[in-house]
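Q: The letter at position 91 of the sequence shown is residue 80 when you use this note's numbering, and the numbering goes up by one with no holes. A single structure is presented below for examination.
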Amino acid sequence: MQVRKPNLQHEVMIEAVENHNPEVIVIDEIGRELEAVAARTIAERGVQLIGTAHGNNLENLLLNPTLSDLVGELNPSPSPTRKPAGAAPRRRCSNGEPHRPLTCWLRSSTAIAWRCITT
-10 MQVRKPNLQH
0 EVMIEAVENH
10 NPEVIVIDEI
20 GRELEAVAAR
30 TIAERGVQLI
40 GTAHGNNLEN
50 LLLNPTLSDL
60 VGELNPSPSP
70 TRKPAGAAPR
80 RRCSNGEPHR
90 PLTCWLRSST
100 AIAWRCITT
């Protein structure tokens, strides 16, 4: 479904589930709180959700309070804050079942190098 006004994307997302009974919904750029809430609602209704979110790196998205429970959470770590280049942050799910069985991210903006993890 086309979203004519970006600020109404969350309404279109819910409308798609309620009126069209999809098995999968693809969402471009989840970034606002209402879109994140709609994405959680969709996932809880058993619809497979594929979405994008933009950030400078994965840790940036994990620390974003709007997106963190859609993407995952950082584990507190006693290790030094500097990680080896390309190392993925450790993750945990603290609030019940995860909303995503698979998380993928582009590791570099200059080369196509994907990293995926399952939950």
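Here a beta-carbon is modelled for each residue, glycine too, at the ideal position from N, C-alpha and C.
Measuring only the C-alpha atoms, how far is residue -10 from residue 41?
A: Their backbone Cα atoms lie some 16 Å apart in a straight line.
Q: Using the Cα positions of residue 43 and residue 10, report the straight-line distance between them to the nearest angstrom.
A: 28 Å
Q: Closest Cβ-Cβ distance between residue 38 and chain D: below 9 Å?
A: Among the protein chains of the structure shown there is no chain D, as only one such chain exists.
Q: Using DSSP with H/G/I as helix, E/B as strand and the rest coil, what is residue -1?
A: Looking at residue -1 - three-state DSSP - the assignment turns out to be helix.
Q: Considering only residues of the same chain and omitting the five flanking positions on each side of residue -2, which have a CB-CB separation below 6 Å?
A: -8 and 24
Q: Just to confirm the assignment, what range does the alpha helix (DSSP H) spanning residue 56 have?
A: Looking at the DSSP string, residue 56 is not in any alpha helix (DSSP H), and its letter there is neither H nor E.
Q: Can you list the beta strand (DSSP E) stretches of 3 or more residues lying completely in the segment -1 to 59, in chain order?
A: 13 to 16 and 37 to 40
Q: With DSSP as the reference, label residue 104 as helix, strand or coil.
A: strand
Q: Compute the Euclidean distance between the alpha carbons of residue 36 and residue 12, then round it to the nearest angstrom.
A: 5 Å
Q: Is residue 104 near residue 59, with beta carbons less than 9 Å apart?
A: Going by C-beta atoms, residue 104 is not nearer than 9 Å to residue 59.
Q: Here's a check: name, in chain order, each residue in its chain whose Cβ is nearer than 8 Å to the Cβ of residue 22, leaving out the five neighbours to either side.
A: The answer, listed in chain order, is 55.
Q: Can you find the residues in the same chain that come closer than 7 Å, C-beta to C-beta, to residue 31, ignoring five residues on each side of it along the sequence?
A: Excluding five sequence positions before and after residue 31, the CB atoms of its chain that fall closer than 7 Å to its own CB belong to 2, 6, 14 and 38, given in chain order.
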